[in-house]
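Student:
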Ligand SMILES: [Zn+2]
Ligand SMILES: [Zn+2]
């Protein structure tokens, strides 16, 4: 799997690392990973899964590579439809902050920054991911997979855990010193785009990623029936949620209209505009219980009470007011941290 010359370089410069990255041939890999197991009785996906691990010949590389690729493909794959929607005027009527438009230069700068963070912060973690999964007792190369009803229950738990973690970590990131040094970067866009979901300081990416990945590891401490495929499905849904929440669009068919506790872009867009309200990711309940969505609710209630053309005017007025208050609050916070703001 790893070319001979690359192995020679590893041997010479990283002698401690090299033995862990040696690959087995197909027969050795099959015997070592699956022993006498009859793989022909598995379903297509499980068979392909086993064949992938046999083909790579080293579970550390196989898990690490797959984890990185899934993140990149899902993240950028989900961003592309939003870029297309942004370029089609027909969809503009559903854009939450109608007057804001992101330039091609900003899109390109955002893409480069996100890629740089992924390659510098996340790529090295590939090497550690498989051993950490094994340490916590998560299945990786093993087949068959977990039954679907159990998978769904596990994913539901990860959603609730992440939302709680994110709410509190996000509130902490709005504390003066953490905001000034870490979270400020993510607030560059007061009207975000899908690509900006992970446009953040590397430390913020690492802190908030704990909410996504600690749920599965915590689960493994209590039960030993978690397969990494379930984690990949969970990460995929979480990335969809994060990108969509930053899309800037609220359609009549957006999930929040069917699931009243789902936050969606409507909720998180307001956080970027107002700076002060709506700290959750997936659900609305933490902000509702702790009253950190008062401005948001007031703005939406005023708009909902207005009729026809008046509604659009009130919506705009509320958004402008929220943005003005937010800008003032952000400036005060930064001034308190000794930052010179005009
Ligand atoms: Zn924030
Ligand atoms: Zn955001």
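Residue numbers (full-length UniProt numbering): 1 to 342.
In this text, a Cβ means the ideal position worked out from N, Cα and C, and glycines have one as well.
Here the structure is a predicted model, which means the values were calculated and not measured.
Got a list of residues with beta-carbon closer than 6 Å to any non-hydrogen atom of ligand 2, in chain order?
Tutor: Taking each Cβ in turn, the ones that pass are 186, 192, 246, 268 and 272.
Student: Quick one: is residue 342 buried, meaning 16 or more other Cβ sit within 10 Å of its Cβ, or exposed?
Tutor: As a working note, residue 342 is residue 342 in the chain shown. Residue 342 is exposed by the Cβ-count criterion.
Student: By a C-beta neighbour count over all protein chains shown, 10 Å radius and 16 as the cutoff for buried, is residue 175 buried or exposed?
Tutor: The count along the chain shown starts at 1 and reaches residue 175 at position 175. Answer is exposed; the Cβ neighbour count stays below 16.
Student: Report the three-state DSSP secondary structure of residue 90 (helix, strand or coil).
Tutor: The sequence position of residue 90 within the chain shown is 90, counting from 1. Residue 90 falls in the helix class under three-state DSSP.
Student: Assuming residue 220 and residue 136 make a contact with CB atoms under 8 Å, what is their CB distance in whole Å?
Tutor: Your numbering for residue 220 matches position 220 in the chain shown. Your numbering for residue 136 matches position 136 in the chain shown. With 8 Å as the limit, residue 220 and residue 136 qualify as a contact, their Cβ atoms being about 4 Å apart.
Student: With a threshold of 6 Å on Cβ separation, who are the neighbours of residue 275 within its own chain once the five nearest residues in sequence on each side are excluded?
Tutor: Here residue 275 refers to the residue found at position 275 of the chain shown. 326, 329 and 330.
Student: Does the beta-carbon of residue 279, which I'm using as the reference point, lie nearer than 8 Å to any heavy atom of ligand 1?
Tutor: Start at 1 with the first residue of the chain shown, and residue 279 comes out as number 279. Yes.
Student: Pull up the distance between the alpha-carbon of residue 316 and that of residue 298, whole angstroms please.
Tutor: Residue numbering aside, residue 316 sits at position 316 when the chain shown is read from its first letter. Residue numbering aside, residue 298 sits at position 298 when the chain shown is read from its first letter. So the two alpha carbons sit approximately 13 Å from each other.
Student: CB residue 279 to CB residue 286, shorter than 9 Å?
Tutor: Within the chain shown, the letter at position 279 stands for residue 279. Within the chain shown, the letter at position 286 stands for residue 286. Contact flag set, yes.
Student: Relative to the C-alpha of residue 184, which candidate in 269, 191 and 204 has its C-alpha closest?
Tutor: On the chain shown, residue 184 is found 184 positions in, with the first residue counted as 1. Minimum Cα distance to residue 184 is reached at 204.
Student: How about residue 270: is its Cβ closer than 8 Å to a heavy atom in ligand 1?
Tutor: As a first step, residue 270 is located in the chain shown; it is residue number 270 there, counting from the start. Incorrect: residue 270 has no Cβ contact closer than 8 Å to ligand 1.
Student: Pull up the distance between the alpha-carbon of residue 132 and that of residue 306, whole angstroms please.
Tutor: Mapped onto the chain shown, residue 132 falls at position 132. Mapped onto the chain shown, residue 306 falls at position 306. Whole-angstrom Cα-Cα distance: 54 Å.
Student: Mind checking whether residue 247 and residue 263 have CB atoms under 9 Å apart?
Tutor: For the purposes of this step, residue 247 is taken as the residue at position 247 of the chain shown. For the purposes of this step, residue 263 is taken as the residue at position 263 of the chain shown. Not in contact: residue 247 and residue 263 (Cβ atoms no closer than 9 Å).
Student: Residue 166 and residue 186 - do their beta-carbons sit closer together than 9 Å?
Tutor: As a working mapping, residue 186 is identified with position 186 in the chain shown. As a working mapping, residue 166 is identified with position 166 in the chain shown. Contact flag unset, no.
Student: Mind reading off the beta-carbon distance from residue 59 to residue 170? Whole number of angstroms is fine, and I expect it under 8 Å.
Tutor: Along the chain shown, read from residue 1 onward, the residue named residue 59 stands at position 59. Along the chain shown, read from residue 1 onward, the residue named residue 170 stands at position 170. In fact, because the Cβ distance is near 35 Å, the residues do not count as touching under 8 Å.
Student: Who does residue 283 pair with in a DSSP beta bridge?
Tutor: If you number the chain shown from 1, residue 283 lands on position 283. Residue 283 pairs with 262.
Student: Classify residue 328 as helix, strand or coil using the three-state DSSP reduction.
Tutor: As a position in the chain shown, residue 328 is number 328, starting the count at 1. Residue state, collapsed to three classes: helix.
Student: Among the residues of its own chain, which have a CB less than 6 Å from the CB of residue 26, if the five just before and after it don't count?
Tutor: Looking up residue 26 in the chain shown gives position 26. Closer than 6 Å at the Cβ level, and outside the excluded window around residue 26, lie 54.
Student: Should residue 62 and residue 157 be called a contact, given that it needs their Cβ atoms to be closer than 9 Å?
Tutor: Along the chain shown, read from residue 1 onward, the residue named residue 62 stands at position 62. Along the chain shown, read from residue 1 onward, the residue named residue 157 stands at position 157. No, the pair does not count as a contact, with Cβ atoms beyond the cut-off.
Student: For the putative contact between residue 114 and residue 17, defined by C-beta atoms under 8 Å, what is the C-beta separation to the nearest angstrom?
Tutor: Numbered from its first residue, the chain shown carries residue 114 at position 114. Numbered from its first residue, the chain shown carries residue 17 at position 17. Not a contact, Cβ separation roughly 27 Å.
Student: Output the distance between the C-alpha atoms of residue 235 and residue 212, rounded to the nearest integer angstrom.
Tutor: As a working note, residue 235 is residue 235 in the chain shown. As a working note, residue 212 is residue 212 in the chain shown. Cα to Cα, residue 235 sits roughly 7 Å from residue 212.
Student: What residues match up with residue 227 in a beta bridge as DSSP calls it?
Tutor: Counted from its first residue, the chain shown places residue 227 at position 227. Its beta-bridge partners are 139.
Student: Which residues in the same chain as residue 172 place their Cβ atom closer than 7 Å to its Cβ, once the five residues preceding and following it in sequence are excluded?
Tutor: Sequence index remark: in the chain shown, residue 172 carries index 172 (1-based). Correct list, in chain order: 178.
Student: Let me make sure I understand the geometry here. Which of 250, 302, 340 and 254 has the alpha-carbon closest to that of residue 98?
Tutor: Counting from one through the chain shown, the residue named residue 98 turns up at place 98. Per the Cα distances, 250.
Student: Does the Cβ of residue 5 have 16 or more other Cβ atoms within 10 Å, making it buried, or fewer, making it exposed?
Tutor: On the chain shown, residue 5 is found 5 positions in, with the first residue counted as 1. Looking at its Cβ environment, which holds fewer than 16 other Cβ atoms inside 10 Å, residue 5 is exposed.
Student: At which residues does the alpha helix (DSSP H) containing residue 22 begin and terminate?
Tutor: Your numbering for residue 22 matches position 22 in the chain shown. Premise fails: residue 22 is in no alpha helix (DSSP H) and is neither H nor E.
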